[in-house]
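Novice: In order, the protein sequence lines correspond to chains Z, Y and B.
My numbering numbers the first residue of the first sequence as 1 and each following residue consecutively.
My numbering numbers the first residue of the second sequence as 1 and each following residue consecutively.
My numbering numbers the first residue of the third sequence as 1 and each following residue consecutively.
The structure that follows is given in the form of structure tokens.
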Amino acid sequence: MKKRGRVTALLLSALMLTGLLAGCGSNNSNEAGSSEQASNKAAESGVSKSVRIYVDGNRAKDSNFLNVVEAFKKDKGIGVELNVIPGDAVEIFKKIDIDLGAQDGSTDLLLLSTPIQLDKYVRSGALLPLNDLIEEDKYDAKAIYGDYLQESDGKIYSLPAGAGKWAVYYNKKIFDDANVPYPSGSWTWDQYVETAKKLTDSSKKIYGSYMLDYDAYMYFTARQKDVSGYKEDGTSNFDDPAFKEALQFFGDLGNVHKVQPSWMEFKTKKLAWDGFMSGKYGMHVIGTWYTNMFLDKENYPRDWQFGITELPTPADGKGNNNLTVINGVAINAYSKQPKEAFEFAKYFAENNYKYTGDLPARIDLTDEDINEMFQKIVDRIDGEVTIEDLNKAMYQNDLGFSDEKIVGPAAAEYSNIILQESELYLIGQKSLDDTVKTIKERVDQAIKAEQQ
Amino acid sequence: MGSLLLSKKRETGFKPSTIIISIIVFVLGLMMIVPFLFMISAALKPNALIFSEPLKFIPDQIYWNNFKTIFHHEYFFKWYGNSIYIVVLTVIARFVVVTMAAYAFARLNFPFKEAIFFLFISTMMIPADTTVIARYMLYKSLHLYNTEWALIIPATFDVFFIFLLRQFFSGLPKEISEAAVVDGCSQFKIYYRIILPLAVPALVTMLLFTFIWTWNDFVNPFIFISSIDKQVVTVGLEYFQQQAGTDYGLQMAGACIIVIIPIILFAFSQKYFVEGIASSGVKG
Amino acid sequence: MMRSGEAKAGVLFILPFLAGFLIFNLFPLLYSFFISLVDYNTLKPSYNFIGLDNFIRIFNDDIALKAYWNSFLYTLIYVPVLLVLSFLLAVLLNRKFFLRPVSRTMILIPYVANVIAIAMVFSVILDPYDGPVNAFLHLIGIQNPPMWLGGTSTALPTIALVNVWQSLSFQTIVFLAALQGVPSELYEAAGLDGAGKWRKTLNVTIPLVSPTTFFLAITSIISSFQNYASVRALTNGGPGVASRVISLNIYEEAFTYNRYSYAAAQAILLFVVILAITIIQWRGQKKWVHYS
């Protein structure tokens, strides 16, 4: 009885498979036909003005981003379709790379979050040069974006849509408990370390400072002094003493001053990128995008208030820059409707900041514009910080700006090499001099390999 | 539920050593599910608490938002349905194609058998990542790209389980088929009436893991499916990713939702791994 | 006559598979061979023949060479431990005991637990500062307990053992399935001869499941050379490149740097290494694998 049941089941599945294979053949042609039709339709509706843009799942749900899109549709009468790619902001580019590599032009626009990404796509010819469109349109990009506008061999491949900066966020409760006055801006890293020491209380497992494992932390003060990652001859400049000092400074925070988790602690305990929100750290040096974290009280409930102040500067007085990461909007080289795509690029670059909380990459804004922008943030966080706090920390202070990322030949590899090799210094496996030397050697090799 | 207390019916009385082993195995089991408990507990916490108190398995206040966010996504149930549909078709198609080929390799003689088999096995040795671009172009030209068939058809032709089943089929006594041939049975009859029923534990293993691997597959649907409504649940959950970093609470809630079906299958498949099936099969 | 009929049946039985195999398995493999010989090392496809340049480059690439070596060490730890433990576990789970379905299911669960959850749990357990394992080692008087995932020499073995723990289920179930095929008469016969439990296992069970062991040895080696998901979750190849395995390196070459040809060349070299190991095993099977 049982056996017969089993055989029947097997026969049944065999039958289903034959049906399946047969159905599969005919289905296939149907499928192909319908998908062709669909893409034809898309192309047609493209002619009647609709642009397509790659976004990650998070952005596709972000009401601030959707508001920019809606405003664009209304103002310009051009439709916008989102090509939503699953995964985080890094992962989605794996898939985008495959599309772009296959010269697929069905999605017109890309949002690039760092200049390294931009550089990569420019080098591989995946982006449309915008110069002709700018000229045709008589668009005075230079007057709007100033130095934020990035050029590569005289060609413009993207419009800057935001200029992220760095700031220090602090936990007022920890300052109050330790009886330390809040930082008032305009300070040096020495003062930062002193303050962090006063806040650190190992009995309560509280550290005065918190930093993450991004490449930028390894060379922070060097870039504040605007020391370039490349020499004149195109090789790595990592043997410049400024890089060595910068790495040592970062290592000392955890290993010598012990004001923040050491690298070993950070890695083995898998400390989180949003660790500051746990309330166990006095100050956090991080990009200004972090302000959004304090708006999310559901995911990050807290019984303390935060403050924000400007980035400290190197104590030797050789540089007082804030670091900036420019994100931009670019057009697929194989886009079938570059004009409409350019309309979106312009609109997004000019207006993004009004909606999403990204700092604008514009030089033509008035004080009122900027106040208005900060007012929106202050309203959203119920006045935990003031317009003046934000303005002073992020905008109107004495700091200049230099690029956070080291952009040039083999940039992505450069960044990974810095992380891999610095780690060995930070956990005490390699001397500082050897580390810096290896980084230079490996990067030089990578640059050479790329040029071949 | 009766089977929970094992096949005690057959045995008259038990040894004290059975009790000791029962306790040891149960404790071992408890230790093994710690990460699983962690998954559940992290799914029920706001992000801020996942890392600050990782070992507190029962949060002070249960936080349902992670699950709510997932269930409220317009496509969530569609993704889950797509996953089930794709997995079931893959399991069936693979079962038929693979068991037939394995039967031939294990029990029939034909020209170039060893060479063909080794060629099959050798294709397992190239990392799948290296062939992604080739497969992308192939599926596009066959119009499989962005259809469920891009996941089902290639997965049907699985070398791994041919190898597994070949080993099991060739372990069965030769005499059985010889006798059947003398009785005038066709090879197809021997295959499905004699060999398959005798290899049930191996077949269950294949079905179980085909299900789990296809169910958990991320890379293939990520690359070869591009419409949000055609996506499967593992990739679908990635639409919830944060820009700045991972939202661990959401990710763990997603993992809990994904893992339910494989665990149920694990539990149900256990009854096929009971001593003596094969021998009683031979006798019967 | 019967011979040729059998051959015909054999061809018919493998035909459906063979057809799909040529298109979906063999073509991608041949394509990889092809692009390893061209200069497709950017996003944009490029097919200029450059001979063995991509292969020569590997031998000047210290990181890639180190990654091959790491993969080799990883396999050396992972596969033997995995096979021994899964066999013992299968023998244990095959016994009769109370709550068998429940306990068995619990033991098999790590297999389907999320990789990130596992990484997080082990970072708590193996935390060198406040973790329970090192607290215990301190207690029994060990002054400098290992840094586990954080140490340059301990990271790779630790990952291998965590992976054994996680992937044990598959091998255990396959062994369990194989044990079902051991006819109880054989045990009874051995019992009459006065063989003890260990003798029975040694003389009856191990030879009878040897085709399965052979299968698991070959496939575990292949998969251990290809696994990178858990390495990424646990250490991402660190500290430095201490636990960087070749599959992780290939993945990054292809998807981070878009050097498809170079990645393919590394993969082909890996292919050759695994093939050589497999051929050696294949030749050796006559000595210990018993087909009926």
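Yeah, the Cβ is synthetic: ideal placement off N, Cα and C, and Gly gets one too.
Could you tell me if residue 159 of chain Z is buried or exposed, where buried requires 16 or more neighbouring beta carbons within 10 angstroms of its beta carbon?
Specialist: With 16 or more other Cβ atoms within 10 Å, it is buried.
Novice: Could you pull the start and end residues of the alpha helix (DSSP H) that residue 250 of chain B belongs to?
Specialist: Element bounds for residue 250 of chain B: 246-255.
Novice: Against chain Z, which members of the region 46-67 of chain Y pass a CB distance test of less than 7 angstroms?
Specialist: Flagged, chain order: 46, 47, 48, 51, 52 and 65.
Novice: List the residues of chain B that residue 218 of chain Z touches, going by C-beta distances under 8 angstroms, in chain order.
Specialist: None at all; the shortest Cβ gap to chain B is about 13 angstroms.
Novice: Taking the alpha carbon of residue 110 of chain B as the point to measure from, which residue in B:34, B:263, B:10 and B:163 has its own alpha carbon closest?
Specialist: Here the closest residue by C-alpha is B:163.
Novice: When we look at the beta-carbon of residue 60 of chain B and count the other beta-carbons within 10 Å, is it buried (16 or more) or exposed?
Specialist: That one is exposed.
Novice: How would you call residue 284 of chain Z, buried or exposed, if buried means at least 16 neighbouring beta carbons within 10 angstroms?
Specialist: Under this definition residue 284 of chain Z is a buried residue.
Novice: Quick one: which chain B residues come within Cβ less than 8 angstroms of residue 421 of chain Z?
Specialist: Within chain B, the residues near residue 421 of chain Z are 240.
Novice: Quick one, are the C-beta atoms of residue 67 of chain Y and residue 255 of chain Y less than 7 angstroms apart?
Specialist: Going by C-beta atoms, residue 67 of chain Y is not nearer than 7 angstroms to residue 255 of chain Y.
Novice: From residue 221 of chain Z to residue 246 of chain Z, what does the alpha carbon distance come to, in whole angstroms?
Specialist: Cα-Cα distance, rounded: 5 angstroms.
Novice: Can you check DSSP and say which residues form a bridge with residue 160 of chain Z?
Specialist: Residue 160 of chain Z pairs with Z:328.
Novice: Using the three-state DSSP reduction, which class does residue 291 of chain Z fall into: helix, strand or coil?
Specialist: Note: residue 291 of chain Z maps to helix in three-state DSSP.
Novice: How long is the line joining the alpha carbons of residue 234 of chain B and residue 292 of chain Z, rounded to whole angstroms?
Specialist: Going from the Cα of residue 234 of chain B to the Cα of residue 292 of chain Z covers about 29 angstroms.
Novice: Note down, one range per segment and in chain order, each alpha helix (DSSP H) of at least 4 residues found wholly within the region 194-269 of chain Y.
Specialist: Qualifying alpha helix (DSSP H) stretches, in chain order: 200-216, 219-224, 233-236 and 248-269.
Novice: CB-CB under 6 angstroms to residue 310 of chain Z, same chain, minus the five flanking residues each way: which ones, in chain order?
Specialist: 185, 393 and 397.
Novice: Would you say residue 91 of chain Y lies against chain Z (beta-carbon separation less than 7 angstroms)?
Specialist: Not one chain Z Cβ lies under 7 angstroms of residue 91 of chain Y.
Novice: Could you check what DSSP says for residue 16 of chain B in three-state terms: helix, strand or coil?
Specialist: Correct three-state label for residue 16 of chain B: helix.
Novice: If you drop the 5 nearest sequence neighbours on each side, which residues of the same chain put their C-beta closer than 6 angstroms to that of residue 190 of chain B?
Specialist: The answer, listed in chain order, is 200 and 204.
Novice: Is residue 123 of chain B close to chain Z, meaning its C-beta is less than 7 angstroms from at least one C-beta of that chain?
Specialist: Yes, because at least one Cβ of chain Z sits closer than 7 angstroms to the Cβ of residue 123 of chain B.
Novice: How big is the Cα-Cα spacing for residue 44 of chain Z and residue 161 of chain B?
Specialist: Its pLDDT being 45, under 50, residue 44 of chain Z is placed unreliably by the model, and nothing is read from it.
Novice: What's the call for residue 31 of chain Y, buried or exposed, on a 16-neighbour Cβ count within 10 Å?
Specialist: It counts as exposed.
Novice: Where do the ends of the alpha helix (DSSP H) carrying residue 34 of chain B lie?
Specialist: 27-35 is the span of the alpha helix (DSSP H), which, as asked, contains residue 34 of chain B.
Novice: Pair every Cβ in the region 134-152 of chain Y with every Cβ in the region 180-195 of chain Y, then say whether three or more of these pairs are closer than 8 angstroms.
Specialist: Too few Cβ pairs lie closer than 8 angstroms, so no.
Novice: If we ignore side chains and look at the alpha-carbon of each, how far apart do residue 227 of chain Y and residue 214 of chain Y end up?
Specialist: If you take the alpha carbons of residue 227 of chain Y and residue 214 of chain Y, they lie about 19 angstroms apart.
Novice: With three or more beta-carbon pairs closer than 8 angstroms as the criterion, would you say the region 24-35 of chain B touches the region 124-136 of chain Y?
Specialist: Yes, since at least three Cβ pairs between the region 24-35 of chain B and the region 124-136 of chain Y fall closer than 8 angstroms, the two stretches touch.
Novice: Given a cut-off of 7 angstroms, decide if residue 234 of chain Y and residue 211 of chain Y are closer than it, judged by their beta-carbon atoms.
Specialist: Cβ distance not < 7 angstroms, so residue 211 of chain Y and residue 234 of chain Y don't count as in contact.
Novice: In terms of DSSP beta bridges, what is residue 155 of chain Z paired with?
Specialist: Beta-bridge pairing links residue 155 of chain Z to Z:152.
Novice: Report the three-state DSSP secondary structure of residue 448 of chain Z (helix, strand or coil).
Specialist: The answer is helix: DSSP assigns residue 448 of chain Z an H, G or I state.
Novice: Can you list, in chain order, the residues of its chain whose CB lies under 6 angstroms from that of residue 186 of chain B, leaving out five sequence neighbours each side?
Specialist: For residue 186 of chain B, where only same-chain residues beyond five positions count, the Cβ hits under 6 angstroms are 204.
Novice: Hey, is residue 130 of chain Y's beta-carbon within less than 7 angstroms of any beta-carbon in chain B?
Specialist: Answer yes: the Cβ-Cβ gap between residue 130 of chain Y and chain B drops below 7 angstroms somewhere.
Novice: Please name the residue in Z:196, Z:286, Z:103 and Z:228 whose C-alpha comes closest to that of residue 258 of chain Z.
Specialist: If we check each option's Cα against that of residue 258 of chain Z, Z:196 comes out closest.
Novice: Give me the chain Z residues within the contact set of residue 165 of chain B, using Cβ-Cβ distance strictly less than 7 angstroms, ordered along the chain.
Specialist: Here the premise fails: no neighbours, minimum Cβ distance about 18 angstroms.
Novice: Would you mind stating whether residue 387 of chain Z and residue 148 of chain Z have Cβ atoms separated by less than 7 angstroms?
Specialist: Cβ atoms of residue 387 of chain Z and residue 148 of chain Z: not closer than 7 angstroms.
Novice: Over what stretch of residues does the beta strand (DSSP E) that includes residue 454 of chain Z continue unbroken?
Specialist: The first residue shown for chain Z is 1 and the last is 452, placing residue 454 of chain Z beyond what the model contains.
Novice: I need the boundaries of the beta strand (DSSP E) containing residue 309 of chain Z, first residue and last residue.
Specialist: That run of the beta strand (DSSP E) goes 306-309.
Novice: Quick one: is residue 206 of chain Y near chain B, going by C-beta distance under 7 angstroms?
Specialist: By this cut-off, residue 206 of chain Y is not an interface position.
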